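In this text, residue positions in the sequence shown follow the working numbering: the first is 79, and each later residue adds one. Note that CB positions come from ideal geometry on N, CA and C, so glycine has one too. Note that this is a predicted model, so its numbers are computed, not measured. Below is one structure, written out as C-alpha cells, with a few remarks after it.
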Amino acid sequence: MYRAVIFDVDGTLVDSNDAHAWAWIQALAEGGRHVDFARVRPLIGKGGDKLLPELAGIRRIFQREFIPRINATRGAQQLLEWMRDERLTLVVASSAETSEVRDLLRIAGAVRFFDATTSSDEADRSKPDPDIVHAALERTGCRASEAIMIGDTPYDIEAADRAGIGTIALRCGGWWSDGDLSRAVAIYADPADLLNHYDVSPFKRPLPARSA
C-alpha cells in the first residue's frame, strides 16, 4: 500500500478553478485584452509561467475579489483526517505561490493535516512539468512507487507521470471529462467520493510492480 500522498490544492481541496479563470479574464481586461471564459478555463491548472507570467494584477485580483468566495470541496477535510489516521504522509504540490497556498489550505481547513507544503517557490517550471512533484516527493521521504498524487486536471496527471507517480483524479475541479483524465489510476467525483470508496480504492490495492 502507499505510504505518501501528494495533493494538488486548486480544484482538488478547494473549488477555486473557475475563480482563477475569472481573475485572469479580469486582469487581461484591465490590460485591454478581452478573452472568453472558454479560452481561459482549460488553461487553469498550469502555472503562471506557462500562461502570462508578466500579467500585472492577477494575484491582487484573485486575493481581493475571489478568495472570499472560495469553499472547500466536498469531503476534503474528512478525507485528510482519515488519511492521517491511516498514517499516510501528506504533502502539498501546488504551482501557486506559498502565501496563496496557505490561504487556500486555511479555506479547506487542511493546514494541520500536512507534513510539508511545496509551491512555485520550489519549482523552476510549473505543471505539467514535474518539478513541483519531484520536490514534494523528496519531502515525503518515499520512493516514487510508494507515493500517489491526487489532482483534478490533466496537468496534474502529466506532472505526476513524468515524476514516476500515479494519480487519482477528482472531477470536482470541473471542465475536464473522464476521457481527459483517463491516464489516472482511478477517478472519483470529489474527496467525499474517494473516502466513501476508500476500501476499494488504490490505497487498498498492492503497489504496482517495480520495473527491473
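For Pro-280, the number of other beta carbons within 10 angstroms of its own is at least 16, and it is reported as buried. In this structure Pro-269 is buried. Its beta-carbon is surrounded by 16 or more other beta-carbon atoms within 10 angstroms. Taking C-beta separations shorter than 7 Å and ignoring five residues to either side along the sequence, the partners of Ala-262 in its chain run Ile-235, Thr-245, Ile-246 and Ala-247, following chain order. The C-beta distance from Val-87 to Trp-102 rounds to 17 Å, too long to fall under 8 Å, and the pair is not in contact. A Cβ-Cβ contact shorter than 8 Å links Gly-125 with Ser-204. Excluding five sequence positions before and after Phe-192, the CB atoms of its chain that fall closer than 6 Å to its own CB belong to Leu-168 and Val-170, given in chain order. Note on geometry: alpha-carbon atoms of Asp-163 and Ala-225 lie some 17 Å from one another. Ser-197 is not a Cβ neighbour of Ala-222, given a cutoff of 8 Å.
When secondary structure is reduced to three states using DSSP, Val-189 falls in the helix class. Here Met-161 is buried, its C-beta having at least 16 other C-beta atoms within 10 Å. Secondary structure at Thr-218: helix, using DSSP grouped into helix, strand and coil. CA-to-CA, the gap between Gly-89 and Gln-141 works out to about 16 Å.
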